[in-house]
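**Student:**
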Amino acid sequence: MKRFRLEHWMIVTIYLIAYDMAAVAFSYFAALFLRFDCVFSRIPEEYFSEYLKFLPVSMLITVVIFHLFKLYRSIWRFASYSELYRITIASLLIAVINTVSMTLILGRMPVSYYFFGAVLQFILTVGIRFAYRFVLLIRSRKPLADDHKRVMVIGAGNGGLSLIRDINHRSKHHDCDKVCCIIDDNSNKWGRFIEGVKVVGGREKIISACEEYHIDKIYFAIPSAPFKEKAEVLKICSETGCELKQIPGMYQFAEGDVSVSDMKNVDVEDLLGRDPITINSKEVEEFIAGKVIMVTGGGGSIGSELCRQIADRKPEKLVIFEIYENNAYDIQQELRRTHPELDLHVIIGSVRDTAKLWEVFGEYRPDVVYHAAAHKHVPLMEYSPCEAIKNNTVGTYKTAYAAICHGCERFVLISTDKAVNPTNIMGASKRLCEMIIQSFDYKVKSGTAVEIPPLFTEWMSELKVDDKPIEVALENARTEFVAVRFGNVLGSNGSVIPLFKRQIAEGGPVTVTHPDIIRYFMTIPEAVNLVLQAGTYARGGDIFVLDMGDPVKIVDLATNLIRLSGLKPGKDVDIIFTGLRPGEKLFEEKLMAEEGLQTTNNKLIFIGKPIDFDM
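If you read the sequence shown in my numbering, its first letter stands for residue 553, the second for the next number, and so on.
(1) If contact is defined by three or more beta carbon pairs under 8 Å, each pair taking one atom from either stretch, is the segment 984-998 in contact with the segment 1058-1078?
(2) Within the chosen definition, does the segment 668-685 reach the segment 697-713 through at least 3 CB pairs nearer than 8 Å?
(3) Determine the closest residue to K869 out of S853, Y881, V847, Q885, with distance taken between C-alpha atoms.
(4) Near G1093, which residues of its chain fall below 6 Å by C-beta distance, leaving aside the five closest residues on each side in sequence?
(5) I'd like to confirm the pairing. Which residues does DSSP put opposite M704 in its beta bridges?
(6) Tell me the rounded alpha-carbon separation between S634 and F1038.
(7) What did DSSP end up calling E868 once you bin it into helix, strand or coil?
(8) Which residues does DSSP pair with H923 in a beta bridge?
(9) Just list the residues that DSSP pairs F745 with in beta bridges.
(10) Determine which residues share a DSSP beta bridge with R1071 and list them.
(11) Going by Cα to Cα distance, which pick from W910, S967, D919, A980 is closest to C938?
(12) Spell out the partners DSSP gives L796 in its beta bridges.
(13) Am I right that A777 and M704 are in contact with their C-beta atoms under 8 Å? What's the rounded C-beta distance?
(14) Just the C-alpha distance for A1025 and V1002, rounded to the nearest angstrom, thanks.
(15) With distances taken from CA atoms, which of E791, M1167, E1032 is nearest K1123?
(16) In chain order, which alpha helix (DSSP H) runs of at least 4 residues are fully inside the segment 946-997?
(17) Report the option in D864, P867, I883 whose CA atom is closest to the CA atom of F873.
(18) For a quick check, are the C-beta atoms of I528 and I788 less than 7 Å apart?
(19) Could you check whether T1111 and P1103 sit closer than 7 Å to each other, using their CB atoms as the reference points?
(20) State the Cα-Cα distance for the pair Y1072 and F1008, rounded to the nearest angstrom.
(21) Indicate whether the contact test is met: 3 or more Cβ pairs, each with one atom in the segment 640-653 and one in the segment 593-602, closer than 8 Å.
(22) Taking just the CA atoms, how far does R962 sit from V1080?
(23) Assuming contact is defined by CB atoms lying nearer than 7 Å, are H958 and N944 in contact in what I supplied?
(24) Let me know if Q1055 comes out buried or exposed under the rule of 16 or more other beta-carbons within 10 Å of its beta-carbon.
(25) Quick one: what's got a C-beta closer than 8 Å to K1020's C-beta in the same chain, skipping five residues either side?
(26) Could you check if R1115 is buried or exposed, using at least 16 other CB atoms within 10 Å of its CB as the buried criterion?
(27) State the Cα-Cα distance for the pair Q804 and V751, rounded to the nearest angstrom.
(28) At what residue ranges does the segment 565-620 contain a whole run of the alpha helix (DSSP H), taking only runs of 4 or more?
(29) Could one say the Cβ of D895 lies closer than 7 Å to chain D's Cβ atoms, at least one of them?
(30) State the start and end residues of the unbroken alpha helix (DSSP H) segment that holds I883.
What follows is the structure, encoded as structure tokens:
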């Protein structure tokens, strides 16, 4: 047989049992002593005799009840409300049993004897157990090391409280940061304390408090803050040069998961102050579900996000058409991992290749086409104008023509605000794309689609649809064409954000073309959400214009990015102005003056009235 060994917790239990028995003896003697004015000689002999006779029974009752309530098996270094609750109930039960038993067996004692005896016993049993945890807490406190960070928490509500408690809990077990002050705009909380940390004032105190308390990190802990107000506070925080993090959102907070490890970095998008864009997901899902969807340029920043959101809405098939194999491979692997049930087809090919387009349309017969394939870089297209026209304009023409001939229901062109009064080749090529789909839509609606000239080389002129001449398919054309126009997309391949981040990582300088240049910005998911919603509103020939919010100065964007990196503009990283590039505007327009606006069910999507031109 295995030799029995006394574990440490067993030794602790023996000590606790002995202590509890001593506590019972002391508590009820003290109650009797107090009852008779703290003079031992005044205690009647019969009372003292009854006390001594019942003492072993009272000790036994205490030990048995505490054992039944598992109070000898708790790990007291982690004692909490659960242990306190169990001690309280057990002590009340012991007091009742002691009172009833002693009265029935030996006779009635003074009322104060029962009351004060029970109270003192409760205080002594609770005290010894929680004193152990308190001593461990005091011993575990360490002075803040030189390499540890001093933290400011923005928000004295439930989010801030949860975060402060998590930081304090971590500091008990290992080295951690220290919360030094709290900021909250509610003046009723100023000068008061949460978990021993002072609420020093509102947002106007952020910069001065950072200097006073030598703050290294700022945690924004108001998950319910309106986006505009949040952006204003974060802009002030970004001026301090401190590391800046925030609670991810209301969902994590509601689930009770707020902790330091969940905090995420503040991105430049958070400083735009735009309210979250909402769409009618049910409409979009009903439109896409069960259809064959094709996305051209599906590996790009906009195209890949289109594929992700389309995959979420249960299409019958998703066909990704992409010329760049690395991008195509990345989105293919991602969707196979996240949507294993999706019927996914990834095709390498160019929208300039008529034969390839004809092959893909003939095999998959897409119901809806999102045409995102395009060259988008303004300065590069100035030096390669023929490529811009071949890829953007002619590619759109060929893809749209294939869609008509193969019975596609809807064709959605991804356009740009640079198509408005274009001053560069890229913008002009995209305006031509818009005119093409408007002309195609006019021809389809008027029943004259057969008049649309094919842009085929001579050897491709024999292409057919289902072994019938193209003219037969065009006579039954039913495709609706729409364009969706929006501005710059944060984080996309052609965005200034990745460029600025690379320049900051290299130590600068950050290059801005002009101090007054402004742009409209939107995040990739926002833009794609609105594209999908606009696609459901299409009546044919429409140009949808997305509300991009307020324009942003590029120099402010660069300044905020430098600050969010924990650096100071002009000191750690310089900003230099290089002059406008070929074809570049100081400001972008979302709409031609002649077009006017019509509203839709979504307040962020408008319909531009097409201007007249020679179809």
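Cβ atoms here follow ideal geometry from the backbone N, Cα and C, with glycine treated the same way.
**Tutor:** Answer, in terms of the structure:
(1) By the Cβ rule, the segment 1058-1078 does not count as touching the segment 984-998, because fewer than three pairs are nearer than 8 Å.
(2) no
(3) V847
(4) Q990, D993
(5) C733, I770
(6) 57 Å
(7) coil
(8) T848, L965
(9) As a beta-bridge residue in DSSP terms, F745 pairs with K750.
(10) V1104
(11) A980
(12) I770
(13) The pair is not a contact, with the Cβ atoms about 16 Å apart (cut-off 8 Å).
(14) Distance between the alpha carbons of A1025 and V1002 is about 9 Å.
(15) E791
(16) 947-957, 977-997
(17) I883
(18) Lying outside 553 to 1167, the shown extent of the chain, residue 528 is not represented and no answer is given.
(19) The answer is no: Cβ separation not under 7 Å.
(20) 38 Å
(21) When Cβ pairs closer than 8 Å are counted between the two stretches, the segment 640-653 is seen not to touch the segment 593-602, the count staying below three.
(22) Cα-Cα distance, rounded: 17 Å.
(23) no
(24) buried
(25) Cβ neighbours of K1020 beyond the five flanking positions: none.
(26) buried
(27) Confidence is the limiting factor: at Q804 the pLDDT is only 48, short of 50, which leaves the residue's position unreliable, though a coordinate-based value still follows. Cα to Cα, the separation comes out at about 24 Å.
(28) List check, alpha helix (DSSP H) in window: 597-620.
(29) This model lacks chain D altogether; it includes just one protein chain.
(30) 877-890
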